[in-house]
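Novice: Going line by line, the protein sequences match chains A and B.
FYI, this note's numbering numbers position 110 of the first sequence as 99, with every residue one higher than the one before it.
FYI, this note's numbering numbers position 188 of the second sequence as 177, with every residue one higher than the one before it.
All residues carry an ideal CB built from backbone N, CA and C; glycine is no exception.
Dropping a structure here in C-alpha cells format, bear with me for questions.
2 protein chains.
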Amino acid sequence: MPRSTRPGARRADAQHSVEKILDAAIDCLSRNHDASVVQIAQAAGVGRVTLYGHFPSREGLVEAALAHLLERGEEVLSGLDLTGEPAQSLRELIDSSWLLIAQSGAMLEAAQKVLPPGRIHELHAGPEQRVRELIVRGQAQGAFRDDLPAAWLASALHHVLKGTAADVRSGAMTAEQAPEFIAQITLAAYAPQPSCSNRP
Amino acid sequence: MPRSTRPGARRADAQHSVEKILDAAIDCLSRNHDASVVQIAQAAGVGRVTLYGHFPSREGLVEAALAHLLERGEEVLSGLDLTGEPAQSLRELIDSSWLLIAQSGAMLEAAQKVLPPGRIHELHAGPEQRVRELIVRGQAQGAFRDDLPAAWLASALHHVLKGTAADVRSGAMTAEQAPEFIAQITLAAYAPQPSCSNRP
DNA sequence: GGTAAGTCGAACAGGCTTGTACGAGTTATG
DNA sequence: CATAACTCGTACAAGCCTGTTCGACTTACC
Chain A
-10 MPRSTRPGAR RADAQHSVEK ILDAAIDCLS RNHDASVVQI AQAAGVGRVT
40 LYGHFPSREG LVEAALAHLL ERGEEVLSGL DLTGEPAQSL RELIDSSWLL
90 IAQSGAMLEA AQKVLPPGRI HELHAGPEQR VRELIVRGQA QGAFRDDLPA
140 AWLASALHHV LKGTAADVRS GAMTAEQAPE FIAQITLAAY APQPSCSNRP
Chain B
-10 MPRSTRPGAR RADAQHSVEK ILDAAIDCLS RNHDASVVQI AQAAGVGRVT
40 LYGHFPSREG LVEAALAHLL ERGEEVLSGL DLTGEPAQSL RELIDSSWLL
90 IAQSGAMLEA AQKVLPPGRI HELHAGPEQR VRELIVRGQA QGAFRDDLPA
140 AWLASALHHV LKGTAADVRS GAMTAEQAPE FIAQITLAAY APQPSCSNRP
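Quick look at the structure:
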C-alpha cells in the first residue's frame, strides 16, 4: 500500500486519480446525500477498488471531499477585500458565499449525516469566523445593530443562504435574483435599531 | 387483512396501535433521517409485522407520519388570531411556528428524502400560505416592505426558523432566546425600507 | 527497459434493509 | 363466551452497500 507514504512520493497518475475522485465525490454528494461509493467511483471514471486504494472508507472519502470543497471556498473568500464600508463588504461577501453555497449544494448535508458534528463545525470555523468578524467590525463602527450577538446574526445569514440555495435546487426559486434578495433582507435585518423597544 | 376496511370498523386497540406507531415514527424520524422500520416499531412498543399490518410500506408510513404531524401543527396555528397589528401577529405566528418546528425537528428532512417533492410541497401549502397572507396584509397596510415578493420574505423566515432549530438540536444555541431573536431579526428585515436605493 | 506503483474486474463475506409468510397466542367486541 | 380481529416472534427471500482479497494487466518513472 504505497499510498500511505508521503504525498510527494505518489505517482502523477495516482495523484490525478484522487483529484478525479474528490471532484466526483463533491459532484455526486451535492446531488444525492447518500451516493454510494460505486456511484462516486463510476462518476470519477475509476474502479471501486482504486478508490479504496486512496481512501480508507466512505467516511474518509466524505471528509476529504468536504475539506477539499471548503479549501477551494476559502481560496475564493480570502481573496476578498472586506476592509471597506461594512455594508458594502457584506454585500460582496454574500455574493461570493452565495456562489459557493449554490455550487456545493447538498454536499454539506451529506457530510452532516456521516461525519461527527464536531468535525464539521471545525471545518466550518473559517467561513463562519470571516462573517462574524465583519459583523463585529460593523457593530463597532455603528453600521450594524449591536443588540444581538454577532454569532447569531451570522448564523441567520448562513441559514438563509443555505435554505435559498436548496429552494433554487428544487426549482422553487430562480438563482439570478437570489443574492440580491438575500443582501437586501440581510442588510435590513442587520441595520441599527431604534434604541426604544416597542415591547415592554 | 381487515385493516383495509373503513377506519370505524377497526378495533380500539388497533387504532391505538397506529397512533403509537405514528407518534413513534415522528419521534424517531425527527432524530434520525433514515430510522429503520424496526427502530420505529421498537419505539412504538410494537412488532414489525404489526406495523406492516397497518402501513403498506416504509414510504407509506413516512407519508402518514408527516401528514399527522402537519395536521397537529395546523390545529395549533389555526387557533391563532392574526387579524390584529401585522407586526404583533407575526410575532405570535413566529412563536407558535418555532415550537412546532423545534419539536418536529428533522422529520421534514426525512420525508424530503423518501416522498416525491410534489407531495411535500402539497402538504406544506397550509403553513406557507398562512405566513404569506399575513405578509401580504402587512404590505398592504404599509407595515411591511413591499419591494420584495411576499413569498420570498416568507421563505426566508422559514429558513431561519428551520436552521435555528437545527442549531438548537446540535447544541450550538439555546432554545430559550431563539424565538425572540428570530422575531427581532425578522421584523427588522420586513420593515419598510427608505425609497432611495443606495445602489445605482 | 525493468521494476515498482497503480489500476482493473470479479468475487467474497458480512451486515443491514425492506417486505412477506407462517403459525400460535392474545384480546376486544358482539 | 365464542369468534373474528389483532398481535407476536421467527424466519425467509431479495437487494443493496461496505470493505477486502486475489490475480492479471497497464503505466509511470528511474
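#1: In chain order, what residues of the same chain have a beta carbon less than 6 Å from the beta carbon of proline 189 (chain B), not counting five sequence neighbours either side?
#2: Could you tell me whether the segment 116 to 128 of chain A touches the segment 140 to 155 of chain A, using the rule of 3 or more Cβ pairs below 8 Å?
#3: Looking at the C-beta of valine 51 (chain B), does it have a partner C-beta in chain A at a distance below 7 Å?
#4: Just checking: is the beta-carbon of valine 149 (chain B) within a distance shorter than 7 Å of some beta-carbon in chain A?
#5: With a 10 Å radius around its C-beta and 16 neighbouring C-beta atoms as the bar for buried, classify arginine 80 (chain A) as buried or exposed.
#6: What's the gap between the Cα of glycine 42 (chain B) and the Cα of glycine 94 (chain B)?
#7: Could you compute how far the alpha carbon of arginine 47 (chain A) sits from the alpha carbon of serine 19 (chain A)?
#8: Quick check on valine 27 (chain A): buried or exposed, where buried means 16 or more other Cβ atoms within 10 Å of its Cβ?
#9: Leaving out five residues before and five after arginine 126 (chain B) in sequence, what residues of the same chain have Cβ atoms less than 7 Å from its Cβ?
#10: Assign arginine 0 (chain B) to one of two classes, buried (16 or more other C-beta atoms within 10 Å of its C-beta) or exposed (fewer than that).
#11: Below 7 Å between beta carbons is the criterion; list the residues of the segment 81 to 103 of chain A that meet it against any residue of chain B, in chain order.
#12: Are the C-beta atoms of leucine 71 (chain A) and some chain B residue less than 7 Å apart?
#13: Terminal residues of the continuous alpha helix (DSSP H) containing phenylalanine 170 (chain A)?
#14: Using CA coordinates, which residue listed in B:Leu112, B:Gln4, B:Ala180, B:Glu117 is at the minimum distance from glutamine 206 (chain B)?
#15: Please state whether DSSP places histidine 113 (chain B) in a helix, a strand or coil.
#16: So, is the C-beta of isoleucine 15 (chain A) closer than 7 Å to a C-beta in chain B?
#17: Would you say serine 191 (chain B) lies against chain A (beta-carbon separation less than 7 Å)?
Specialist: In short, the structure shows the following:
#1: Taking the second sequence and counting its residues from 1, the one referred to as residue 189 (chain B) is at position 200. The predicted model places proline 189 (chain B) with a pLDDT of 33, which falls under 50 and marks its position as unreliable; any figure quoted below should be read in that light. Within the same chain, proline 189 (chain B) has no close Cβ partners at all.
#2: Between the segment 116 to 128 of chain A and the segment 140 to 155 of chain A there are three or more C-beta pairs closer than 8 Å, enough to call the two in contact.
#3: If you number the second sequence from 1, residue 51 (chain B) lands on position 62. False, the Cβ-Cβ gap to chain A never drops below 7 Å.
#4: Mapped onto the second sequence, residue 149 (chain B) falls at position 160. At a cut-off of 7 Å between beta carbons, valine 149 (chain B) contacts chain A.
#5: Your numbering for residue 80 (chain A) matches position 91 in the first sequence. Per the 10 Å Cβ criterion, buried.
#6: In the second sequence, counting from the first residue as 1, residue 42 (chain B) sits at position 53. In the second sequence, counting from the first residue as 1, residue 94 (chain B) sits at position 105. Cα to Cα, glycine 42 (chain B) sits roughly 27 Å from glycine 94 (chain B).
#7: Your numbering for residue 47 (chain A) matches position 58 in the first sequence. Your numbering for residue 19 (chain A) matches position 30 in the first sequence. Taking the straight line joining both Cα atoms gives about 15 Å.
#8: On the first sequence, residue 27 (chain A) is found 38 positions in, with the first residue counted as 1. Flag for valine 27 (chain A) reads exposed.
#9: For the purposes of this step, residue 126 (chain B) is taken as residue 137 along the second sequence, with counting starting at 1. Excluding sequence neighbours, arginine 126 (chain B) sits near Pro75.
#10: Along the second sequence, read from residue 1 onward, the residue named residue 0 (chain B) stands at position 11. Looking at its Cβ environment, which holds fewer than 16 other Cβ atoms inside 10 Å, arginine 0 (chain B) is exposed.
#11: Answer set for the segment 81 to 103 of chain A: Lys102.
#12: Walking along the first sequence from the start, residue 71 (chain A) turns up at place 82. Not an interface residue.
#13: The residue labelled residue 170 (chain A) in the question sits at position 181 within the first sequence. Element bounds for phenylalanine 170 (chain A): 167 to 179.
#14: As displayed, chain B neither begins before -10 nor continues past 189, which places residue 206 (chain B) out of reach and without an answer.
#15: In the second sequence, the residue the question calls residue 113 (chain B) occupies position 124. Of the three classes helix, strand and coil, the one that applies to histidine 113 (chain B) here is coil, per DSSP.
#16: What you label residue 15 (chain A) is simply residue 26 of the first sequence in a count that begins at 1. Isoleucine 15 (chain A) does not count as touching chain B.
#17: Limits of chain B in this structure are -10 at one end and 189 at the other, which puts residue 191 (chain B) out of reach.
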